[in-house]
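Before any comments, here is the structure.
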Ligand code: ADP
Ligand code: MG
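Residue numbers (the numbering used here): 1 to 470.
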């Protein structure tokens, strides 16, 4: 077993690592740290949550320990796609660098530029920046990159998604040729590969795992649902899958906002983060989540990418992400640092293409969630058969108790979809296989009506348990 002491780090640093509570390096750390210390370029590919940050922060601290700072000329540069990630890396420097005399500046948007410029004027060892703000200062002549001999491009695939690749190319062109470059990413789509070829010099390629599907700490499922059943299905899972903390991803900001409101109306302790919310509020929301004031965070991809939130038990993809790489990032919010996690992806008809792309990327099919997979505690007392919930504004007729077969909207929809499954199916849940291969119309409601023999689960039953995929 490799230990941190085997990796060639200084005693001061080992002491800080120990104080942080790490006992064993993660695979990417074990391989990257010695390479960085040997001044090699590194191309590090490992899924989210595998400790990539420390794999560059730790050796950087030792590398930067010798040498001196100069005004306006940062000695090293770390590029991060979002302010949150930049702030997290800064926290890492503070934690591990406590025994070293290193100065750091954080150049991120949404923060007064004055203090940042002042820090630069005094000289910094480590500059942590988002590309936008760095370009801004560079173009105003407030920063000189000639002395920047150690550069990290972190979360490169996210940079790509956010359209930062041209900025990064611009920045890299201003850097000295004689430098060490480290690039980290969870996935390696072709444009990142190209970037790496152009800006890295004979890098050591470290590839720990290819895709999130291979993270054995994450149990992932997909759930075929109709769009308008997503909220109800989500609530059922939130109540019945032993959810402690959850992040729910939506593809659109408006969905984030509306879903959060709906969850709050249903009594869930939820909050939201997305790009339209200002930085202070985003941080405050995140803090509430970390403190446990809320246990559900509804998020967009941009706002949540790479955030290190410990102990998230569940990730829900309320929509299947449009970019398959986002799937890897999203579900990587759970199952971090050895903990177990569960990830559910809702697949409505409009998500069909997106899930295909996800499965292509991860190289394996995401299993369909079936009743055998429910993580429920069977109720001890005789449970209530009905759920008391106000109806959604989305028009799902959850409240309706009877008659189950006069749901004109559903029937219309079935007609549209060419189904004529109008006969009620009254099998007991137990008799049905967890996965059906044919669409089954609205049997869910029928199943809900069925009296259940004593001793059997008689709580609310989610529709997706009876609805087949495709
Ligand atoms: P990544 O950048 O790969 O997504 P992070 O660097 O954000 O991952 O690390 C994920 C989590 O793992 C963080 O909470 C971090 O503190 C923790 N971690 C990192 N390295 C170790 C380690 N060697 N032992 C235990 N936990 C670690
Ligand atoms: Mg990271």
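Every residue gets a Cβ at the ideal spot worked out from N, C-alpha and C, and that includes glycine.
Bear in mind that the values here come from a model prediction, so they are computed numbers and not experimental data.
- For residue 347, the enclosing beta strand (DSSP E) begins and ends at 341 to 347.
- Per the DSSP secondary-structure output, residue 270 pairs in a beta bridge with 296.
- For residue 180, the enclosing beta strand (DSSP E) covers residues 180 to 185.
- The residue among 353, 279, 243 with its C-alpha nearest the C-alpha of residue 313 is 243.
- Within the region 36 to 118, the runs of beta strand (DSSP E) at least 3 residues long that lie entirely inside it are, in chain order, 42 to 45, 76 to 79, 104 to 107.
- Proximity of the region 87 to 107 to the region 284 to 300 falls short of the contact definition, fewer than three beta-carbon pairs being nearer than 8 angstroms.
- Contact check between the region 40 to 60 and the region 245 to 259: fewer than three CB pairs, one atom from each, fall below 8 angstroms, which does not count as touching.
- When secondary structure is reduced to three states using DSSP, residue 248 falls in the strand class.
- Shown here for residue 345: same chain residues with a beta carbon closer than 6 angstroms to its own, the five before and five after excluded, namely 222, 317, 320 in chain order.
- Judged by the Cβ position, residue 52 qualifies as a neighbour of ligand 2 at the 7 angstroms threshold, a heavy atom of the ligand being closer than this.
- Proximity of the beta carbon of residue 155 to ligand 2 is indicated: a heavy atom of the ligand is located closer than 7 angstroms.
- The beta carbon of residue 268 lies closer than 6 angstroms to those of 296 in the same chain, with the five residues before and after it left out.
- Taking residue 127 as the centre and dropping the five residues before and after it, the same chain places the C-beta of 74, 77, 105 closer than 6 angstroms to its C-beta, in chain order.
- Taking 8 angstroms as the cut-off, the Cβ atoms of residue 28 and residue 208 count as close.
- With contacts defined by Cβ atoms closer than 8 angstroms, residue 146 and residue 71 do not form a contacting pair.
- Here residue 149 is buried, its C-beta having at least 16 other C-beta atoms within 10 Å.
- With a threshold of 7 angstroms, the Cβ atom of residue 141 does not count as near ligand 1, since no heavy atom of the ligand is closer than that.
- DSSP, read as helix, strand or coil, puts residue 202 in coil.
- Between the alpha carbons of residue 334 and residue 315 lies a gap of roughly 6 angstroms.
- Nearest to residue 11 by alpha-carbon distance, out of 59, 48, 30, 195, is 59.
- Following the DSSP letters along the chain, one finds residue 222 inside the beta strand (DSSP E) bounded by residues 218 to 224.
- Residue 279 sits close to residue 83, with the two beta carbons spaced by under 8 angstroms.
- If you ignore the 5 residues before and after residue 7, its C-beta comes within less than 6 angstroms of the C-beta of 33, 34, all in its own chain and listed in chain order.
- Taking 7 angstroms as the cut-off, one finds no heavy atom of ligand 1 near enough to the beta carbon of residue 81.
- In the structure shown, the three-state DSSP call for residue 150 is strand.
- Residue 329 carries a helical assignment under DSSP once its states are collapsed to helix, strand and coil.
- Rounded to the nearest whole angstrom, the CA to CA distance from residue 302 to residue 343 is 19 angstroms.
- In the displayed model, residue 126 falls within a strand according to three-state DSSP.
- Of the candidates 193, 329, 240, 270, 240 places its Cα closest to the Cα of residue 371.
- According to DSSP, residue pairing for residue 316 in a beta bridge involves 248, 344.
- The residue among 14, 125, 220 with its C-alpha nearest the C-alpha of residue 103 is 125.
- The three-state secondary structure of residue 17, taken from DSSP, is helix.
- Its chain contains 221 as the residues whose beta carbon lies nearer than 7 angstroms to that of residue 373, once the 5 sequence neighbours on both sides are disregarded; these appear in chain order.
- In this structure, residue 49 has its CB closer than 7 angstroms to one or more heavy atoms of ligand 1.
- Taken atom to atom, the span from the alpha-carbon of residue 31 to that of residue 263 is near 43 angstroms.
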